[in-house]
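**Student:** Residue numbers (the numbering used here), protein chains in the order written: chain A, 528 to 776; chain B, 528 to 776.
Dropping the structure in here first, questions after.
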């Protein structure tokens with residue numbers, strides 16, 4: 528039986544061997560939720576980048592849409608911020624375009640996970656798609672929490688618990704203490720996830736930035752139930768689209 | 528109000544500034560429980576060391592009692608293993624002697640925390656002593672979980688939650704997600720802590736080594752309610768004894 532494990536911080540990735548595994552990158556607030564929403568609203572592919580400079584350069588040189596934030600605030604001079612709502616509101620403008628996105632924590636987690644057999648992006652919005660992919664792959668899964676500046680963060684952990692609950696029949700979710708803890712926290716919070724997560728320091732910080740609309744949206748289970756951002760060469764594409772492209776070749 | 532934070536792995540210590548803080552080193556199974564028991568049974572001071580060689584050398588050169596384990600098993604050629612019960616059974620033999628102890632995870636956590644203003648050792652056995660010390664110091668506290676080979680471990684985390692619960696009136700236990708999660712896990716497990724922790728991979732490993740007597744003992748709340756191992760120069764001494772020694776000088 529394949530094993531589901533959870534890495535609470537990119538700083539702990541050195542303890543895991545990612546080879547042959549599926550890595551699920553999670554940054555609920557908000558990079559992974561935003562990327563899922565962007566692909567769900569018709570963005571063709573996403574370049575996640577670490578720096579604002581790279582992000583701006585991709586916009587200038589390749590005509591990408593650009594989205595950027597720093598410390599939870601929109602960065603100046605970009606088309607969009609790291610807000611899923613921005614992509615829904617601007618759906619007509621974003622459809623059919625590529626996106627370059629720079630975020631504080633999510634990009635680092637993704638870049639450090641590229642040794643995995645497959646790298647996908649998970650959020651509550653596309654939980655069903657992650658579950659389906661994990662079942663189909665039937666390999667060990669590592670949930671990589673982006674965290675907040677490397678530190679443990681409640682919302683990413685609770686997502687790991689939700690994934691573990693849905694995969695409990697097909698995966699070993701008992702032999703890692705991190706997975707057990709995430710499962711317990713999810714089970715404690717799931718009846719009213721918003722209230723549960725509102726305790727979190729990170730969420731309070733987000734609320735103070737008047738991004739509470741985003742917060743509520745990021746917790747919607749399976750709003751994009753079939754969208755699965757998957758890493759391909761140098762970008763994230765929707766897995767459905769990737770398979771279509773491969774079939775055409 | 529001073530803050531209580533929890534670091535889930537020594538690998539994450541680089542994210543914290545320990546200066547001016549109290550560090551509470553925790554390795555419930557079993558280094559911190561064993562050190563508390565040793566001092567409680569009359570050992571004068573403890574040298575925690577990383578390698579078996581150093582441990583043996585302290586025994587040869589300074590006549591210390593020696594205790595060592597590797598991967599949960601007693602290491603050959605030492606007086607005692609890393610078992611609290613060993614010290615209770617041999618109380619007459621250990622009283623008045625110094626101890627050199629080598630353990631897999633606990634020593635590393637301690638050595639990496641020496642930048643703190645004060646470094647103490649915490650376990651369920653001496654929870655009351657840690658609570659009293661934290662209140663008296665009234666400075667920020669960081670619980671440093673030894674973990675299992677650097678990975679998150681349930682029993683150390685739950686101890687952090689127990690400490691947070693007792694200090695909730697005097698310390699900020701809300702502004703760190705790690706502390707919130709630990710508090711939730713403790714509250715979920717405390718009614719039957721042994722049953723709760725028996726799910727853990729690490730605990731199952733311990734049970735398979737027939738150390739279940741140790742496991743039950745390590746969960747006894749406040750069995751040594753006044754013993755507080757504190758780091759002084761190059762060794763751990765009981766805080767009560769340290770103050771006595773300072774008064775004599």
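Idealized CB from N, CA, C, for every residue including glycine.
State the Cα-Cα distance for the pair residue 646 of chain A and residue 762 of chain A, rounded to the nearest angstrom.
**Tutor:** Indexing the first chain from 1 puts residue 646 of chain A at position 119. Indexing the first chain from 1 puts residue 762 of chain A at position 235. The straight-line gap from Cα to Cα measures roughly 11 Å.
**Student:** By Cβ distance, which residues of its chain are closer than 8 Å to residue 586 of chain A, with the 5 residues on each side in sequence left out?
**Tutor:** Position 59 of the first chain, counted from the first residue, corresponds to residue 586 of chain A. Correct list, in chain order: 592, 593, 605, 606, 627.
**Student:** Taking only three categories from DSSP, how would you classify residue 567 of chain B?
**Tutor:** What you label residue 567 of chain B is simply residue 40 of the second chain in a count that begins at 1. Helix at residue 567 of chain B.
**Student:** What residues match up with residue 532 of chain A in a beta bridge as DSSP calls it?
**Tutor:** On the first chain, position 5 is the one that residue 532 of chain A refers to. BP columns for residue 532 of chain A point to A/669.
**Student:** Would you identify the three-state DSSP class for residue 684 of chain B, choosing helix, strand or coil?
**Tutor:** For the purposes of this step, residue 684 of chain B is identified with residue 157 of the second chain, where counting begins at 1. Helix at residue 684 of chain B.
**Student:** Going by DSSP, what residues sit across from residue 596 of chain A in a beta bridge?
**Tutor:** As a working mapping, residue 596 of chain A is identified with position 69 in the first chain. Answer by DSSP bridge pairing, in chain order: A/601.
**Student:** Between the segment 702–718 of chain B and the segment 642–659 of chain B, are three or more C-beta pairs nearer than 8 Å?
**Tutor:** The segment 702–718 of chain B vs the segment 642–659 of chain B: no contact.
**Student:** Rounded to the nearest angstrom, what separates residue 576 of chain B and residue 625 of chain B at their Cα positions?
**Tutor:** Here residue 576 of chain B refers to the residue found at position 49 of the second chain. Here residue 625 of chain B refers to the residue found at position 98 of the second chain. When rounded, the distance between both Cα atoms is 13 Å.
**Student:** Could you tell me which residues DSSP puts in a beta bridge with residue 758 of chain B?
**Tutor:** Counted from its first residue, the second chain places residue 758 of chain B at position 231. Partner(s): B/763.
**Student:** When the Cα of residue 608 of chain B is compared with those of B/683, B/641, B/556, which residue comes out closest?
**Tutor:** As a first step, residue 608 of chain B is located in the second chain; it is residue number 81 there, counting from the start. Closest option to residue 608 of chain B, Cα to Cα, is B/556.
**Student:** Can you tell me the Cβ-Cβ gap for residue 545 of chain A and residue 694 of chain A, rounded? I've got them flagged as a contact below 8 Å.
**Tutor:** As a working note, residue 545 of chain A is residue 18 in the first chain. As a working note, residue 694 of chain A is residue 167 in the first chain. That belief does not hold up - the Cβ atoms of residue 545 of chain A and residue 694 of chain A are roughly 18 Å apart, past 8 Å.
**Student:** With 8 Å as the C-beta to C-beta threshold (strictly closer), list the residues of the segment 674–685 of chain B near chain A in chain order.
**Tutor:** From the segment 674–685 of chain B, only 675, 676, 677, 678, 679, 680, 681, 684 have a Cβ closer than 8 Å to chain A.
**Student:** For the segment 568–596 of chain B, which residues have a CB atom closer than 9 Å to at least one CB atom of chain A, in sequence order?
**Tutor:** Flagged: no residues at all.
**Student:** Going by CA-CA distance only, name the one from B/667, B/614, B/551, B/720 that's closest to residue 637 of chain B.
**Tutor:** Here the question's residue 637 of chain B lines up with position 110 in the second chain. Ranking the options by Cα distance to residue 637 of chain B, first place goes to B/551.
**Student:** From the DSSP secondary-structure annotation, give me the bridge partner or partners of residue 626 of chain A.
**Tutor:** Counting from 1 along the first chain, the entry for residue 626 of chain A is found at position 99. Partner(s): A/573, A/592.
**Student:** Can you tell me the Cα-Cα spacing of residue 688 of chain A and residue 746 of chain B, whole angstroms?
**Tutor:** In the first chain, counting from the first residue as 1, residue 688 of chain A sits at position 161. In the second chain, counting from the first residue as 1, residue 746 of chain B sits at position 219. So the two alpha carbons sit approximately 26 Å from each other.
**Student:** Ordered along the chain, which non-local residues of its own chain (more than five positions away) have a Cβ less than 8 Å from that of residue 662 of chain A?
**Tutor:** Locating residue 662 of chain A in the first chain gives position 135, where the first residue counts as 1. Counting only Cβ-Cβ distances below 8 Å, and skipping sequence neighbours, we find 694, 697.
**Student:** So is residue 580 of chain A buried or exposed if we call it buried at 16+ other beta carbons inside 10 Å?
**Tutor:** Reading the first chain from its first residue, position 53 is the one you call residue 580 of chain A. Result: exposed.
**Student:** Closest to residue 541 of chain A by CA distance: which of B/677, B/612, B/547 is it?
**Tutor:** The count along the first chain starts at 1 and reaches residue 541 of chain A at position 14. Looking at the Cα atoms, B/677 is the closest of the given residues.
**Student:** I need the boundaries of the alpha helix (DSSP H) containing residue 613 of chain B, first residue and last residue.
**Tutor:** Within the second chain, the letter at position 86 stands for residue 613 of chain B. Taken as a continuous stretch (DSSP letters only), the alpha helix (DSSP H) holding residue 613 of chain B covers 611–616.
**Student:** Using the Cα positions of residue 664 of chain B and residue 715 of chain B, report the straight-line distance between them to the nearest angstrom.
**Tutor:** Counted from its first residue, the second chain places residue 664 of chain B at position 137. Counted from its first residue, the second chain places residue 715 of chain B at position 188. The straight-line gap from Cα to Cα measures roughly 29 Å.
**Student:** Helix, strand or coil, according to DSSP, for residue 633 of chain B in the structure here?
**Tutor:** Here the question's residue 633 of chain B lines up with position 106 in the second chain. Residue state, collapsed to three classes: helix.
**Student:** Quick one: which residues of the segment 692–707 of chain A get their C-beta closer than 8 Å to a C-beta of chain B? List them in chain order.
**Tutor:** The segment 692–707 of chain A vs chain B, Cβ under 8 Å: 701, 702, 703, 704, 705, 707.
**Student:** I believe residue 562 of chain B touches residue 648 of chain B by the beta-carbon criterion, under 8 Å. Please report the beta-carbon distance rounded to the nearest angstrom.
**Tutor:** Here residue 562 of chain B corresponds to residue number 35 of the second chain, with the count starting at 1. Here residue 648 of chain B corresponds to residue number 121 of the second chain, with the count starting at 1. Indeed, because the Cβ distance is near 5 Å, the residues count as touching under 8 Å.
**Student:** Does the beta-carbon distance from residue 535 of chain B to residue 684 of chain B come in below 9 Å?
**Tutor:** The count along the second chain starts at 1 and reaches residue 535 of chain B at position 8. The count along the second chain starts at 1 and reaches residue 684 of chain B at position 157. Yes, these two residues count as a Cβ contact at 9 Å.
**Student:** For residue 727 of chain A, which residues in chain B fall below 8 Å Cβ to Cβ?
**Tutor:** What you label residue 727 of chain A is simply residue 200 of the first chain in a count that begins at 1. Neighbours of residue 727 of chain A on chain B, chain order: 704, 707.
**Student:** Residue 777 of chain A: which of A/668, A/672, A/621 sits nearest, CA to CA?
**Tutor:** Given a span of 528 to 776 for chain A in the structure shown, any question on residue 777 of chain A remains unanswerable.
**Student:** Leaving out five residues on either side along the sequence, give the residues of the same chain with a beta carbon under 8 Å from the beta carbon of residue 597 of chain A.
**Tutor:** Looking up residue 597 of chain A in the first chain gives position 70. Answer for residue 597 of chain A: 579, 631, listed in chain order.
**Student:** Cβ of residue 560 of chain B within 9 Å of Cβ of residue 744 of chain B?
**Tutor:** The residue labelled residue 560 of chain B in the question sits at position 33 within the second chain. The residue labelled residue 744 of chain B in the question sits at position 217 within the second chain. Yes, the Cβ-Cβ distance between residue 560 of chain B and residue 744 of chain B is below 9 Å.
**Student:** In chain order, what residues of the same chain lie with their CB nearer than 6 Å to the CB of residue 720 of chain A, ignoring the 5 residues before and after it?
**Tutor:** What you label residue 720 of chain A is simply residue 193 of the first chain in a count that begins at 1. The answer, listed in chain order, is 746.
**Student:** Any Cβ of chain A within less than 9 Å of the Cβ of residue 663 of chain B?
**Tutor:** As a working mapping, residue 663 of chain B is identified with position 136 in the second chain. So no, residue 663 of chain B is outside the interface.
**Student:** Could you give the distance in angstroms between the alpha-carbon of residue 537 of chain A and the alpha-carbon of residue 634 of chain A?
**Tutor:** Counting from one through the first chain, the residue named residue 537 of chain A turns up at place 10. Counting from one through the first chain, the residue named residue 634 of chain A turns up at place 107. Using only the alpha carbons, I get a separation of about 10 Å.
**Student:** Quick one: is residue 651 of chain A near chain B, going by C-beta distance under 9 Å?
**Tutor:** Position 124 of the first chain, counting from 1, holds the residue named residue 651 of chain A. Judged by the 9 Å Cβ criterion, residue 651 of chain A is not in contact with chain B.
**Student:** Between the Cα of residue 564 of chain B and those of B/727, B/584, B/610, spot the shortest distance and give me the residue it belongs to.
**Tutor:** Residue numbering aside, residue 564 of chain B sits at position 37 when the second chain is read from its first letter. Looking at the Cα atoms, B/610 is the closest of the given residues.
**Student:** Given this structure, state the Cα-to-Cα distance separating residue 726 of chain A from residue 768 of chain B, to the nearest angstrom.
**Tutor:** Here residue 726 of chain A refers to the residue found at position 199 of the first chain. Here residue 768 of chain B refers to the residue found at position 241 of the second chain. Rounded to whole angstroms, residue 726 of chain A to residue 768 of chain B spans 41 Å at the Cα level.
**Student:** Residue 583 of chain A: buried (16+ other C-beta within 10 angstroms of its C-beta) or exposed?
**Tutor:** Mapped onto the first chain, residue 583 of chain A falls at position 56. It counts as buried.
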